[in-house]
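Enquirer:
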Amino acid sequence: MTDNSQINGSFDDLLSANREFAQSFSLSGFDGVARAGVAIVTCMDSRIDPLGMIGLAPGDAKIFRNPGGRVDNSALEAMVLGVHLLNVQRVLVVPHTRCAMASASEQQLRRRIGESAGQDASWQSFHVISDQLDALAQDVAKVRSHPLIPDTVQVGGFLYDVDTGLLTQHR
Ligand SMILES: [Zn+2]
């Protein structure tokens, strides 16, 4: 018997869907490399299907997501691991149009979060982006110039249009 005393929340619908998912599960025993040699850094936005938008499937790519799709220190850690241990040869940095992180100010986000939380949120950072293409240039440069990421790795910077599904390369 499992000890259920630490389990909380209602996830029954999702667990039920998971049991169905497991019935046709095909990645068993797969070693977890990026089969297509691709890594993607993109936003947490639910309008983005990182694999589908470049014709890939589970098993093909390493995916790192955060608000805004920024290359922060954890993203760099992930890229270094991907490049050296997980077959990554191409890195795509993919922010997107109509991103909340690029359309609100830090102050506005803090106010909205504060209202939702019913308490002061002025201490919380959100790393808003004032110029998306400028941030993209910096993020691509961070990956390219990382001392542990060799020049043989191709790094591209793209903007994903959430209204058309199209990627445009900027870097
Ligand atoms: Zn976003």
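Under my numbering, the first residue of the sequence shown carries the number 29, and numbering increases by one thereafter.
Glycine is no exception: its CB is placed at the ideal position from the N, C-alpha and C atoms.
This one's a predicted model, so the numbers in the text were calculated from it and none came from an experiment.
DSSP beta-bridge partners for residue 36?
Expert: Within the DSSP secondary-structure output, residue 36 pairs in no beta bridge.
Enquirer: List the residues that DSSP assigns as beta-bridge partners of residue 94.
Expert: Paired residues: 71.
Enquirer: Just tell me which of 52, 110 and 176 has its CA closest to the CA of residue 64.
Expert: 110
Enquirer: Looking only at its chain, what residues have a beta carbon closer than 6 Å to the beta carbon of residue 92, apart from the 5 residues adjacent to it on each side?
Expert: Residues 69, 103 and 106 of the same chain have their beta carbon placed closer than 6 Å to that of residue 92, with the five preceding and five following residues left out of the count.
Enquirer: Is the number of C-beta pairs between the segment 172 to 179 and the segment 149 to 156 that are closer than 8 Å three or more?
Expert: Contact annotation: the segment 172 to 179 does not touch the segment 149 to 156, with fewer than three C-beta pairs closer than 8 Å.
Enquirer: Between 130, 48, 44 and 113, which lies nearest to residue 177 when the distance is taken from Cα to Cα?
Expert: 113
Enquirer: Scan the segment 85 to 130 and note each continuous alpha helix (DSSP H) run of 4 residues or more that stays entirely inside, going in chain order.
Expert: 101 to 113
Enquirer: Count the other CB atoms within 10 Å of the CB of residue 129; is the residue buried (16 or more) or exposed (fewer)?
Expert: buried
Enquirer: Using 10 angstroms around the beta-carbon of residue 35, count the other beta-carbons present and answer buried if the total reaches 16, otherwise exposed.
Expert: exposed
Enquirer: Could you name the residues that DSSP lists as bridge partners for residue 186?
Expert: BP columns for residue 186 point to 197.
Enquirer: Is residue 129 near ligand 1, with its Cβ less than 7 Å from a heavy atom?
Expert: yes
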